[in-house]
Amino acid sequence: MARITLNNVTKSWGDTRVLQPMTLAIEDGEFVAVLGPSGCGKSTTLFLLAGLYAPTGGEIAFDGHNVNRIDARDRNVGIVFQSYALYPNLTVRQNIAFPLRFKNVPREEAARRVEEAASLVQISALLDRRPSQLSGGQQQRVALARALVKEPNILLLDEPLSNLDATLRITMRAELKSLQKRLKITTLIVTHDQIEAITMADRIICMNNGAIAQIGTPDDLYRRPDNLFVAGFIGTPPMNLLRGRAEREGLRIGDARLELNTHYDGEITLGLRPEDIALVKPAEARLEGEIATVEPMGREVFYTVDTPAGMVHALEYGETIRHAPGERVGLACASGLTLIFGVTGNRIAGLHADLSQRSTIPARQPEPVN
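The sequence shown begins at 10 in the numbering used here and counts up by one.
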């Protein structure tokens, strides 16, 4: 296995920089997800580690050894591409064995390693079939076995589940996580799907515009986002983000004044997770509004509330629909569950607002953040 370090690594195509200076460490045996929207630089990062791209600047090291000038085939890295890239004219057995051709592995050992890799991903019965005879999930397993047959120190996965249907993705998420823990291979998965990242990874590298927005555990990114981008990107439904102003008297949000746990002065954005909002009687909360829509979702109900500060989403668990469109409600939230971001977009650590118990001041109606 291997420890990966990047020190001020950059990548440019001509005059266009696609990867800002990146410094990070991935520990031996760790499962890390690189998460972000399309074009944020996550696949570029993976291809740099694989040796398919050369960095424009900085150093990439495996176990402390600089690999900038080491060819992809000599890095002992296994990679699974989004398209699987299987050879249609070869059998499953031949596809899995293909990387061993270039390593001069003896025939008997190659056969053994193919059988072991196939067994790991549960496709031993498919070894004599061709890719056209396989389902999408089976093709994905073949691609994974081909990456593992090299006995790599590092496993790189580029959107490996994106071509699978929703049900199969759930199955493969669990299988990939279990396999990685069993083999203890340092693994990096690139994905735009936050559910994949949150459910599979030990840590998440969240990227935006070619730069790291935040690195942390799934809980860190969900409960303690460092900035507005991470706050809005992580979570389904997304976090409510409402603009306001902190003053000596408290925090103004729409026509409501909220109490702050410590003094702060300036423009802010208040962050509230939909599941942390309780819909109560108007007199029991500082912020109120009118139910705009009600969306039953089986074991939970999704409400959209029209408030002076903008539309606010609330998620209640349970099958009972307790409120109807047009109903006036208060929005309560415990102080520790609110987040406050400053004018730079970064979270102000330790600063919280309390939405319980109503208190109003002259109306000022800021626009919600989109």
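For glycine and all other residues, C-beta sits at the position ideal for the given N, C-alpha and C. None of the values given here were measured: they were computed from a predicted structure.
With contacts defined as CB atoms closer than 9 Å, Leu250 and Leu260 fail to qualify as a contacting pair. Classified as buried, Val18 has 16 or more neighbouring CB atoms from the shown chains inside 10 Å of its CB. Taking C-alpha positions only, Arg182 is separated from Lys190 by approximately 12 Å. Within its own chain, the residues whose Cβ lies closer than 8 Å to the Cβ of Gly298, once the five positions on either side in sequence are excluded, are Val314, Asp315, Thr316, Pro317, Val321, Arg337, Val338 and Leu340, listed in chain order. With at least 16 other beta carbons inside 10 angstroms of its own, Ile198 counts as buried.
Asn236 is bridged by DSSP to Asn355.
The C-alpha of Glu304 lies about 21 Å from the C-alpha of Ile243. Between Gly335 and Thr271, the gap from beta carbon to beta carbon reaches 9 Å or more. By the criterion of a C-beta distance shorter than 8 Å, Asn77 is surrounded in its chain by Ala63, Pro64, Glu68 and Ile69, once the five residues flanking it on both sides are discounted.
Beta bridge pairing from DSSP links Phe71 with Ile13 and His74. If you ignore the 5 residues before and after Leu177, its C-beta comes within less than 6 Å of the C-beta of Gly146, all in its own chain and listed in chain order.
Around the beta carbon of Ala127, 16 or more other beta carbons sit within 10 angstroms, so the residue counts as buried. Here DSSP, grouped into helix, strand and coil, assigns Ile198 to strand. Burial check for Lys193: the Cβ neighbour count within 10 Å stays below 16, so the residue is exposed.
Between the beta-carbon of Ile213 and that of Leu230 there is about 5 Å, and that keeps the pair under the 8 Å contact cut. Counting along the chain, Thr180 sits inside the alpha helix (DSSP H) bounded by residues Ala175 to Leu192. Its Cα nearest to that of Asn75, the residue Leu57 stands out among Val89, Thr196, Gln148 and Leu57.
DSSP places Val151 within a helical segment (H, G or I) once states are collapsed to three. In the DSSP assignment, Arg121 falls within the unbroken alpha helix (DSSP H) covering Arg116 to Leu129. If one requires a minimum length of 3 residues, the beta strand (DSSP E) runs lying completely within the stretch 233–300 are 249–256, 259–262, 265–269, 275–281 and 287–289, in chain order.
In the DSSP assignment, the residues bridged to Glu304 are Phe311. For Asn217, the uninterrupted beta strand (DSSP E) run begins and ends at Arg212 to Asn217, by DSSP. Linking Thr245 to Glu36 through their CA atoms gives a straight-line distance of about 29 Å. Assignment of Phe111 by DSSP, reduced to helix, strand and coil, places it in the helix class. Non-local beta-carbon contacts of Pro108 in its own chain, meaning distances under 7 Å to residues more than five positions away in sequence, involve Arg155, Val158 and Lys159 in chain order. Looking at the backbone, the Cα of Glu184 and that of Thr14 are separated by about 27 Å. Assignment of Ala63 by DSSP, reduced to helix, strand and coil, places it in the coil class. Rounded to whole angstroms, Ala11 and Arg295 show a C-alpha spacing of 53 Å. With fewer than 16 other Cβ atoms inside 10 Å of its own Cβ, Thr302 counts as exposed. If you look at Ile163, you'll find it in the beta strand (DSSP E) that goes Ile163 to Asp167.
Judged by pairs of C-beta atoms under 8 Å, the stretch 40–58 does not touch the stretch 105–120, as fewer than three such pairs exist.
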